[in-house]
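Below is one structure, written out as C-alpha cells; the observations come after it.
Residue numbers (the UniProt record's numbering): 1 to 202.
Here it is, written out as C-alpha cells:
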C-alpha cells in the first residue's frame with residue numbers, strides 16, 4: 001500500500017518537472033524570437049552629405065556593424081581657381097587651329113591611347129592628366145624628357161580640352177595651382193569638336 005508521504009513526494013516531483021519543462025519551452029521560444037529579429041534587422045538608411053546612401057544588414061546580431069561615412073577624396077586642384085579660367089567654344093578653338101597665336105598652347109588632356117584611336121585637334125600637344133597629373137610641377141627638363149616636346153612657358157596661354165570637359169577642368173586647375181596664370185578651357189572638348197565637323201590631326 002502506497003503511503004501518503006510517497007504520494008506527496010511524487011506530486012512535488014511532478015510539479016517541479018512540469019515547471020522545468022515550461023521554463024525550457026519559454027526559453028526556447030524567446031531564443032527563436034531573438035534569432036528571427038536578428039536575421040531580419042536592417043540598419044536604417046543613412047544619407048551621407050556627398051549623396052551616397054549606405055545600408056547595412058546582418059544575418060546575426062554579432063555581425064552588426066555601425067555605418068561609417070565615406071568622405072570624397074580631396075580634389076587635385078583648387079575649385080576656386082578654375083572659376084577664373086577663360087572659356088572657349090567651337091568657333092574660338094577653330095580660330096586657334098587656323099590662325100595659331102604665338103604664345104597660346106592647345107593641350108589635349110586625354111590618354112595617349114585615346115588620341116591614337118580618335119586623333120586630336122590640329123596643333124594640340126598631349127599632357128595626360130590621369131596618368132601624369134604632376135606634369136606641371138616638374139622641371140622643364142623633366143617634362144621634355146617625359147613627353148619629347150617643351151613644357152608650355154609660364155607666361156603662355158594654355159587651353160585645355162579632353163573628351164567631354166571633365167579631365168580638362170582638372171588639368172586647368174593643376175596648371176593654375178602650379179603657377180600658370182593664363183589658363184583656359186574648351187568645355188565642349190572632343191565630342192563638341194567632332195560633332196561640329198572640326199578637322200582631325202592623326
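Backbone N, C-alpha and C define an ideal beta-carbon position, used for all residues, glycine too.
Would residue i and residue j qualify as a contact pair, given that the criterion is a beta-carbon distance under 8 angstroms?
i: residue 187; j: residue 165; result: yes
i: residue 184; j: residue 85; result: yes
i: residue 130; j: residue 167; result: yes
i: residue 178; j: residue 137; result: yes
i: residue 194; j: residue 160; result: no
i: residue 182; j: residue 97; result: no
Out of the options, state which residue places its alpha-carbon closest to the alpha-carbon of residue i.
i: residue 109; options: 145, 121, 200, 139; result: 121
i: residue 104; options: 191, 111, 95; result: 95
i: residue 118; options: 162, 90, 157; result: 162
i: residue 227; options: 123, 111, 114; result: The requested residue 227 is not part of the displayed model; the chain covers only 1 to 202.
i: residue 144; options: 193, 157, 160, 126; result: 126
What are the residues that DSSP puts in a beta bridge with residue i?
i: residue 86; result: 184
What number of angstroms, rounded off, separates the C-alpha of residue i from the C-alpha of residue j?
i: residue 276; j: residue 148; result: Not covered by the structure: residue 276. The range shown for the chain is 1 to 202.
i: residue 88; j: residue 100; result: 14 angstroms
i: residue 180; j: residue 83; result: 14 angstroms
i: residue 92; j: residue 174; result: 23 angstroms
i: residue 139; j: residue 158; result: 17 angstroms
i: residue 156; j: residue 90; result: 21 angstroms
i: residue 150; j: residue 202; result: 20 angstroms
i: residue 128; j: residue 111; result: 5 angstroms
i: residue 191; j: residue 146; result: 28 angstroms
i: residue 135; j: residue 196; result: 30 angstroms
i: residue 152; j: residue 115; result: 20 angstroms
i: residue 154; j: residue 113; result: 27 angstroms
Uninterrupted beta strand (DSSP E) stretches inside the region 102-179 (no shorter than 3 residues): 104-108, 157-161
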